[in-house]
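Undergrad:
Numbering (the working numbering), first residue to last: 2 to 218.
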């Protein structure tokens with residue numbers, strides 16, 4: 002069994018404002034392919050809803066906004082993964098600013114070529130200074146849109162070639178391509194509960210921004 006630790010920035014320190022909630026079910030996309038990372042997305046259905054506070058807040062899903070993402074959009078990645086390719090994972094949550102990289106660049110022969118799924122995209126820096134690494138998979142790519150005055154989870158860390166390598170930025174699965182799959186599961190869950198959809202959304206994790214999943218012995 003798994004549990005989610007929410008609202009923490011240090012996996013070895015318990016904070017009074019963090020929460021530990023058991024995971025009721027993990028719903029993996031039926032079309033997921035481990036070799037190609039196509040449909041690299043899953044839902045974590047928690048046993049109870051998350052109570053939001055000053056340290057725990059939801060993030061918006063990017064339906065109907067992906068087309069506004071460009072290299073000038075301010076985006077951030079976060080995770081507890083390795084800070085360098087041959088380094089160690091970190092106990093303290095790390096964050097870095099990155100930008101969207103066009104499919105023309107990321108799909109070039111100097112980069113990933115034709116190996117980028119249609120439902121994924123690249124973000125990082127062409128020189129590789131800032132990048133996600135092993136241990137960051139499942140974490141968020143969060144982008145801010147001033148016209149909406151809020152952040153959206155535009156991507157979920159999927160894979161990459163090494164870490165921080167020039168011409169090989171991180172590849173992210175785009176939740177916006179899965180609107181029907183996500184909403185179908187959300188409303189299906191809400192129909193089995195007395196709670197309305199706004200409350201139930203707090204029971205479903207799409208990406209783990211400041212969430213740690215731990216196995217319960």
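Where a beta carbon is used, it is the ideal one built from N, C-alpha and C, also for glycine.
Near residue 119, which residues of its chain fall below 8 Å by C-beta distance, leaving aside the five closest residues on each side in sequence?
TA: So the qualifying residues of the chain are 178.
Undergrad: Taking all protein chains shown into account, do 16 or more other C-beta atoms lie within 10 angstroms of the C-beta of residue 20, making it buried, or fewer, making it exposed?
TA: Per the 10 Å Cβ criterion, buried.
Undergrad: Taking buried to mean at least 16 other C-beta atoms within 10 Å of its own C-beta, is residue 158 buried or exposed?
TA: Residue 158 is buried by the Cβ-count criterion.
Undergrad: How about the region 77-85 and the region 133-141: do they share at least three Cβ pairs that are nearer than 8 Å?
TA: They touch, by the three-pair rule.
Undergrad: Measure the Cβ-Cβ separation of residue 104 and residue 129 and say whether it is below 7 Å.
TA: In this structure, residue 129 does not lie closer than 7 Å to residue 104 by Cβ.
Undergrad: Quick one: Cα of residue 4 to Cα of residue 154, how far?
TA: Taking the straight line from one Cα to the other gives about 22 Å.
Undergrad: Residues in its own chain within less than 8 Å of residue 24 by CB, not counting five upstream and five downstream?
TA: Answer for residue 24: 2, 3, 4, 5, 45, 46, 47, 48 and 214, listed in chain order.
Undergrad: Buried or exposed for residue 34, please, with buried defined as at least 16 other CB atoms from any protein chain shown within 10 angstroms of its CB.
TA: With fewer than 16 other Cβ atoms within 10 Å, it is exposed.
Undergrad: What does a CB cutoff of less than 6 Å around residue 40 pick up in its chain, not counting 5 residues either side in sequence?
TA: Once the five neighbours on either side are set aside, the close Cβ partners of residue 40 are 30, 32 and 33.
Undergrad: For the structure I just gave you, are there three or more beta carbon pairs, one from the region 170-187 and one from the region 62-70, closer than 8 Å?
TA: The region 170-187 is in contact with the region 62-70.
Undergrad: Taking the beta carbon of residue 27 as the centre, do at least 16 other beta carbons fall within 10 Å, making it buried, or is it exposed?
TA: Label assigned to residue 27: exposed.
Undergrad: Hey, out of 151, 186 and 123, whose CA is closest to residue 161's CA?
TA: Considering only alpha carbons, the answer is 123.
Undergrad: Counting pairs of Cβ atoms below 8 Å between the region 80-94 and the region 7-16, do you hit three or more?
TA: Enough Cβ pairs lie closer than 8 Å, so yes.
Undergrad: Excluding the 5 residues flanking residue 218 on each side, which residues of the same chain have their C-beta closer than 6 Å to its C-beta?
TA: Only weak support is given to the placement of residue 218: the predicted model assigns it a pLDDT of 39, under 50, and the value that follows is read from those uncertain coordinates. Excluding positions up to five away in sequence, the list is empty.
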